[in-house]
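Heads up, the thing below is written out as structure tokens.
Protein chains in written order, with the numbering used here: chain E, 93 to 330; chain R, 1434 to 1587.
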């Protein structure tokens, strides 16, 4: 009985060692030259003016300090995004709301966190808004069971430590709509660390932080209500 | 005792009938401070009949980018975490192609009838869903305030 137990242990150890060995081999064979980290992770501190992107923002001030991004909105309101935790705090004169969702203006800094980045070498240079830029292309692949690929092109300004003042993001693959290509532009870029006080939000910042409930049933539609169209898009009856 | 049971049965029957009746809502969108946007949503919340509860949503979204057009919308009523909406509890979720021709985005409007709030998400990276804006609403279809911006225009 004892001998049998010892034999089982030995077989188990051998299998474990084998597993370690087989785990090491692919790592040795993996092509390291083209894989790289998310290039946007290199820019932990900056302030800029954002145009375009997922939120189609227009002349919006954006700041980054570490994992926090801040976006300024009208009437003194602002949003802070935790890129690591995927949280947005929306602050305005009336409320502070916490969302477990990424604000659209944080794209693409907040996106593709779990994607594999492969750099496609290029020697292109282009001048954008007076900045001489190197052009880099990355092929992004999601690491889930249904891999999606995205092409990301960055125009890194040489005089701004290669900060990407223009980014193009284009979903790839069969059926991907070419119109879904996004352009993001950053201007007035400063690579100095922004004032830390910009990234504070009120202590009381609750999920769904809306005003108190106002009753469960709205009044019926007003008599001036335009009638719903029969189908498709039509001009209003006004 | 029999009378009480009869009364209770009548009340239950009427309650069921009332809950099965369609609800129609019309919302003019405002920001969190009550400032006007140019958008209006009409939502019909209904059931196709027993045993399906009243969770279906149909309707339209008006004035994407203040373009003066109506766009169809559809979806469901369901509970959404307060971490994902401006408000708490059930929302009427209206999915619409309203902005697709302009921005190639999938667009969702979550309307909370209890808190009089709304939240807009959209996506066009084929992967995520992004918070675009949120605010409050007033009943009915108010005339468009001149110069009022679009609720999804940031």
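Glycine included, every Cβ here is placed at the ideal spot set by N, Cα and C.
Within 10 angstroms of the Cβ of residue i, are there 16 or more other Cβ atoms? Answer buried if so, exposed if not.
i               : result
residue 1518(R) : buried
residue 393(E)  : This structure does not reach residue 393(E), given that chain E is present from 93 up to 330, and the question cannot be answered.
residue 1587(R) : buried
residue 201(E)  : buried
residue 284(E)  : exposed
residue 115(E)  : At residue 115(E) the pLDDT is 37, less than 50, meaning the model places this residue with poor confidence and gives no usable figure here.
residue 1464(R) : buried
Using the beta-carbon of each residue, which ones in chain R are nearer than 8 Å to residue i?
i              : result
residue 244(E) : Result: empty, since nearest Cβ-Cβ is about 10 Å, beyond 8 Å.
My guess is that residue i and residue j are in contact by the Cβ rule of under 8 Å, so how many angstroms apart are they, rounded?
i               : j               : result
residue 195(E)  : residue 171(E)  : 5 Å
residue 343(E)  : residue 173(E)  : Summary: the structure shown does not reach residue 343(E), with chain E confined to residues 93 through 330, and so no result is reported for it.
residue 242(E)  : residue 204(E)  : 7 Å
residue 1473(R) : residue 1496(R) : 7 Å
residue 224(E)  : residue 216(E)  : The pair is not a contact, with the Cβ atoms about 11 Å apart (cut-off 8 Å).
Given this structure, state the Cα-to-Cα distance separating residue i from residue j, to the nearest angstrom.
i               : j               : result
residue 1506(R) : residue 1476(R) : 8 Å
residue 1470(R) : residue 1509(R) : 24 Å
residue 213(E)  : residue 272(E)  : 24 Å
residue 1537(R) : residue 1526(R) : 19 Å
residue 259(E)  : residue 1580(R) : 31 Å
residue 1529(R) : residue 227(E)  : 37 Å
residue 1550(R) : residue 305(E)  : 9 Å
residue 268(E)  : residue 165(E)  : 32 Å
residue 265(E)  : residue 1488(R) : 36 Å
residue 1456(R) : residue 206(E)  : 42 Å
residue 255(E)  : residue 135(E)  : 7 Å
residue 229(E)  : residue 245(E)  : 4 Å
residue 1564(R) : residue 1555(R) : 7 Å
residue 294(E)  : residue 185(E)  : 11 Å
residue 238(E)  : residue 1466(R) : 42 Å
residue 159(E)  : residue 1482(R) : 50 Å
residue 128(E)  : residue 211(E)  : 6 Å
residue 1571(R) : residue 1540(R) : 21 Å
Excluding the five sequence neighbours on either side, which residues of its own chain have a C-beta within less than 6 Å of the C-beta of residue i, listed in chain order?
i               : result
residue 187(E)  : 301
residue 1567(R) : 1519 and 1552
residue 117(E)  : Unreliable positioning characterises residue 117(E) in this predicted model, as indicated by a pLDDT of 38, which lies under 50. The coordinate reading is nonetheless provided below. Contacts found: none.
residue 147(E)  : 196 and 197
residue 181(E)  : 172, 190, 293 and 297
In chain E, which residues lie less than 7 Å from residue i when you measure between Cβ atoms?
i               : result
residue 1518(R) : 300
residue 1565(R) : 147 and 196
residue 1463(R) : Simply none; closest approach about 11 Å.
residue 1537(R) : 269, 271 and 272
List, in chain order, every chain E residue whose beta-carbon is nearer than 8 Å to that of residue i.
i               : result
residue 1528(R) : By Cβ distance, chain E contributes nothing, its closest Cβ being about 15 Å from residue 1528(R), past 8 Å.
residue 1472(R) : Result: empty, since nearest Cβ-Cβ is about 12 Å, beyond 8 Å.
Going along chain R in order, which residues have a C-beta closer than 9 Å to the C-beta of residue i?
i              : result
residue 199(E) : 1558, 1561 and 1563
residue 190(E) : 1515 and 1516
Show which residues of chain R have a CB atom less than 7 Å away from the CB atom of residue i.
i              : result
residue 305(E) : 1547 and 1548
residue 263(E) : 1558 and 1559
residue 187(E) : 1465
residue 168(E) : What residue 168(E) touches in chain R: nothing, since even the nearest Cβ is about 10 Å away.
Mind listing the chain E neighbours of residue i? Cutoff is C-beta to C-beta under 9 Å, in chain order.
i               : result
residue 1478(R) : Under the 9 Å cutoff, chain E gives no residues; its nearest Cβ is about 11 Å from residue 1478(R).
Near residue i, which residues of its chain fall below 8 Å by C-beta distance, leaving aside the five closest residues on each side in sequence?
i               : result
residue 1583(R) : 1470, 1471, 1472, 1496, 1497, 1498 and 1499
Identify, in the order they occur along the chain, each residue of the same chain with its Cβ nearer than 7 Å to the Cβ of residue i, setting aside the five sequence neighbours on each side.
i               : result
residue 1492(R) : 1474, 1475, 1476, 1477, 1506 and 1527
residue 1453(R) : 1480 and 1487
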